[in-house]
Structures are given as C-alpha cells and as structure tokens.
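Heads up: the sequence shown begins at 2 in the working numbering, then just goes up one per residue.
Here is the structure we will look at, set down as structure tokens.
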Amino acid sequence: MQNLISITLTDQDLADFDEALATLRRLMAPMVSLQAADRRELSKMGPKSEAFCSQTLAVLANNPGMVPPNLGFPEAQADYKTLQQLRPRFALLRQLAEKSDDSELALGSDLMACCLEGYRLMSGAGQAESLKAARRALSQRFARRAGAGEPEVPQS
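Okay, structure coming up:
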C-alpha cells in the first residue's frame, strides 16, 4: 500500500503554523503582486545585470555631484540593500512552498490510493446490499471517464 508521507500535527503545531503565516503576511504586506503582463514588461536583473547595478551604484555613490535629484538614487540604494537582505529568505520561502506543494500532493495521493483500493473491495463477491448501494453511489466519481456501464477505476 502506498504511504508517501505520514505526518500528524498537534493543535499546538497548527497554532504555531498559523502564527508563522500571520507573521509572514504582516511582514510581506508592503510587497507587491504583479500581473503576468506587468512582469513581462519589466526590466529583469540577472547575474550580469546585478554586477552592473552594484558597480553603477558604487560609482554614483563615489560621485554624488553627477547624480541629479530626480534619479531616485537613495531609493535605488535602499532597493539594492533590501534585495540583498531578502534574497536568501525568498529562496527559503520558495523551498518551503515547493515542499508544501509536494506534501499536499503526497497526502492526497496516499488518500486516493487507499480509497481506490477500498472502492475495489466493495465489489467483492458476497458483499451486502448496503455495500453495493454505497459502491453505486461512489461510482459517480468515475462517471465521466467510463462513459456507459460500470465505471472504470484507475489502477493503483
């Protein structure tokens, strides 16, 4: 029988989880959510561009007389510092998000594997009429796949 994950959370674990999420939500409140079209139009800073930006900021900082007030240089310096501070944290968040996605998938898959096997057991010979009725009701889950007749149950 499939068992990709086995985890039990206490009420305290869930409370801690919720508290951590609330803290993240609070800390991330000033951050932006961009639309896909907006993302496509923005200039992206890859590794080469990051070196360019770092060097440009250093040159501008060493030559303040050439920096016009409307350039937004102090904001750019603050953005660079914030990016450096947040980048390792964002990487960890992405890892945690991937782990949560994988865990959700594994939990659902384990549950489906058990329930599909249980559903198959309901069709065994000599089953009580109540089990046959339950199986007929549950068969609606597979109605689209099978077309007419007895539903096709995926093999585990």
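Quick reminder that beta carbons are idealized off the backbone N, C-alpha and C, glycines included.
Alpha carbon of residue i to alpha carbon of residue j, nearest angstrom
| i | j | result |
| --- | --- | --- |
| R27 | L87 | 15 Å |
| E99 | E42 | 26 Å |
| S124 | L112 | 19 Å |
| D39 | P31 | 18 Å |
| A140 | S110 | Here residue 140 turns out to be Ser, not Ala, going by the sequence shown. The straight-line gap from Cα to Cα measures roughly 19 Å. |
| I1 | K45 | As shown, the chain starts at 2 and ends at 157. That puts residue 1 outside it, with no answer to give. |
| G66 | A37 | 39 Å |
| A144 | N4 | 27 Å |
| F53 | R142 | 56 Å |
| E130 | C116 | 19 Å |
| L122 | L106 | 24 Å |
| D17 | P89 | 23 Å |
| T11 | M29 | 27 Å |
| P69 | L15 | 52 Å |
| E20 | E76 | 32 Å |
| N64 | Q13 | 55 Å |
Which of helix, strand or coil DSSP assigns to residue i
| i | result |
| --- | --- |
| K82 | helix |
| K45 | coil |
| G109 | helix |
| T11 | coil |
| L139 | helix |
| L35 | coil |
| A59 | helix |
| D131 | Just to set this straight, residue 131 is Ser in the shown sequence, not Asp. Note: S131 maps to helix in three-state DSSP. |
| A30 | coil |
| Q96 | helix |
Short Cβ contact (9 Å threshold) for residue i with residue j
| i | j | result |
| --- | --- | --- |
| V78 | A62 | This sequence places Gln at residue 78; Val is not what is there. Result yes, Cβ atoms of Q78 and A62 sit closer than 9 Å. |
| L25 | L108 | no |
| Y81 | S55 | yes |
| I6 | S104 | yes |
| F74 | L84 | no |
| A138 | M2 | no |
Proximity winner among the options, relative to residue i (alpha-carbon distances)
| i | options | result |
| --- | --- | --- |
| E118 | G66, L22 and R136 | R136 |
| L22 | C116, Q141, V60 and L97 | L97 |
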